[in-house]
Amino acid sequence: VGDAQVDRRMRSMRHNGRSRVKEREVSPSPIMESSLISTMGAETPKLNARKCPRRKKRYWRKATRGEEFLTDEQINQENDVLRGRIDSELFTIDRTPQLSSMRLTRKQIAALNKRNLLERADDEEKEIKPSKSILKEMFRKKKKVIATALRRRDPVVMASGSKVAYDLWADESKETSTEHALIEDHYLRSTKRKKPLEPRTLKHIPSLLPPVEVAEAGASYNPSISTYQKYVDDIAKDEVKVEEDEGKLQKALSLAPGETYVSQSDIIAEESEGLFNETATADAELTMDHSDLPSNEENKKPIAKKEKTSKMRRLEMLEKRKKFIEKAEREAKRSEQLVFKVKKLNKEISKSLLDIENKTKLRRKRKSAKRLLGTQRLGRGKFTPEERPFLLSEELPGSLRQLKPQGDVIADRLKSLQKRNMIAIPGEERVRSKLKKKLRVKISERRSYKEVTIGSRVI
């Protein structure tokens with residue numbers, strides 16, 4: 001655009017024959033001035049930049065002239081805009097008083113210093129970061145709150161193969177924080193819509209035994225002969241076993257035949273033995289003992305041991321060495337043979353380990369079955385089964401109305417609870433040995449204490 005304008009101006013000047021160029025607001029560039037001077041001073045017109053050949057230098061400067069003209073025009077426009085404004089629109093006056101020029105009193109200086117200190121303290125408090133220990137404690141409490149909220153929340157059971165429904169028009173601003181979860185949990189608990197947490201021992205099974213045992217067919221008021229006979233035989237066997245146990249205990253506590261209990265007179269005689277003169281009786285007993293000894297024992301002579309010669313000792317040493325060498329050879333041979341039996345040994349070891357594992361599993365199963373099907377000893381006492389009620393053959397009634405009540409329901413329930421490991425069985429209290437609180441004073445006299453008399457003095 002700039003080159004075109006310059007060319008037009010130059011053509012108009014050449015056409016009118018003017019000798020000078022009209023002044024413009026924007027000062028021309030040095031390149032433009034040189035071109036204008038050359039056109040004015042020359043008599044014959046030259047080719048302009050638009051029509052000049054490309055190999056000339058004037059053609060190269062064509063682009064730079066246009067850029068300079070555009071920048072000058074832009075600066076001119078900005079100056080025109082600023083030139084039409086007032087000073088108050090262009091500048092602002094700082095009307096804040098300078099404290100350095102003012103003279104303050106002591107109270108004003110103290111108040112100003114106090115304000116600066118408070119502002120500095122506020123800035124420092126904002127910049128202080130919490131320590132690692134405080135951050136750890138904060139994170140720990142936050143995790144604990146989240147965990148309790150998640151644990152108290154009811155588990156949502158989803159059907160197998162069902163997709164999660166997504167509500168497109170739901171409110172996105174729904175609270176999902178821990179506070180919302182705690183509030184929801186409290187609301188459900190207070191309105192009794194949520195069950196309290198169950199204790200761990202609630203679902204614990206102490207025993208697999210039935211809570212109510214059905215009586216056998218022989219215990220009926222009108223049983224058949226076979227069932228009644230079997231029921232009565234079982235009770236009789238149990239009674240015989242109890243009597244045998246009592247007899248064994250009585251036999252163990254009773255004295256052997258020919259033995260008697262020690263009386264008080266026997267104890268006194270044993271304690272007073274040797275106090276009276278019984279030397280004559282003792283001498284008589286000694287003479288009797290010497291006379292009973294056989295005479296052959298006095299005539300016996302000691303048998304002399306046969307001494308070993310050096311040849312015998314040497315042969316014994318060689319025999320021992322030979323046995324030691326043979327034993328070492330056997331051990332080496334056996335260790336060599338073990339190398340070829342590695343596979344066999346490995347199979348045997350794996351088999352033994354498998355057997356041990358199976359036995360351990362079986363033992364654990366038996367132990368758990370014994371614990372669940374048996375009666376444990378929870379208290380000091382031992383469980384004794386309740387005696388089964390029975391009737392004699394002549395006592396069997398003909399109808400249920402004539403049957404007399406037997407046993408006790410409360411005692412039966414108590415025995416059932418004890419048998420199923422739900423109530424501890426009481427027993428005799430353990431008698432603890434009471435320690436003597438009062439100490440006994442022991443008096444002892446030393447030899448040095450006895451040596452001190454009235455006339456003695458310290459050396």
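According to UniProt numbering, the residues represented by the sequence shown are 1 to 459, in order. The beta-carbon is built from N, C-alpha and C at its ideal position, and this holds for glycine as well. Quantities reported herein were computed from a predicted structural model and do not represent experimental measurements.
Residue i, enclosing alpha helix (DSSP H) - first and last residue
i	result
Lys-351	342 to 373
Ile-267	264 to 271
Tyr-187	178 to 190
Ala-236	225 to 253
Lys-450	447 to 451
Asp-87	87 to 90
residue 460	Residue 460 falls outside the range modelled here, since the chain spans only 1 to 459, and no answer is possible.
Given residue i as reference, the closest of the options once Cα atoms are compared
i	options	result
Ala-411	Arg-189, Pro-385 and Arg-430	Pro-385
Glu-387	Gly-84, Ser-131 and Ala-219	Ala-219
Lys-194	Arg-200, Thr-201 and His-186	His-186
Arg-371	Ser-433, Ala-110 and Leu-209	Leu-209
Pro-206	Asn-358, Glu-68 and Ala-369	Ala-369
Ser-422	Glu-429, Glu-428 and Leu-414	The sequence given here places Met at residue 422; Ser does not occur at that position. For the residues Glu-429, Glu-428 and Leu-414, the minimum Cα distance to Met-422 belongs to Leu-414.
Gly-407	Pro-389, Leu-315 and Pro-397	Pro-389
Glu-428	Pro-223, Gly-379, Arg-401 and Pro-405	Gly-379
Ser-224	Asn-358, Ile-454, Leu-197 and Gly-398	Gly-398
Gln-376	Val-339, Ser-416, Val-409 and Leu-354	Ser-416
Distance between beta carbons of residue j and residue i, contact taken as under 8 Å
i	j	result
Gly-381	Pro-426	5 Å
Leu-403	Tyr-221	5 Å
Leu-182	Ala-149	6 Å
Thr-227	Ala-215	With a Cβ gap of about 11 Å, Thr-227 and Ala-215 do not count as contacting.
Pro-211	Arg-420	7 Å
Phe-383	Gln-418	6 Å
Val-145	Thr-178	5 Å
- Segments assigned beta strand (DSSP E), at least 3 residues, entirely inside the stretch 301 to 328: Counting only runs of at least 3 residues, the stretch 301 to 328 fully encloses no beta strand (DSSP E) element at all.
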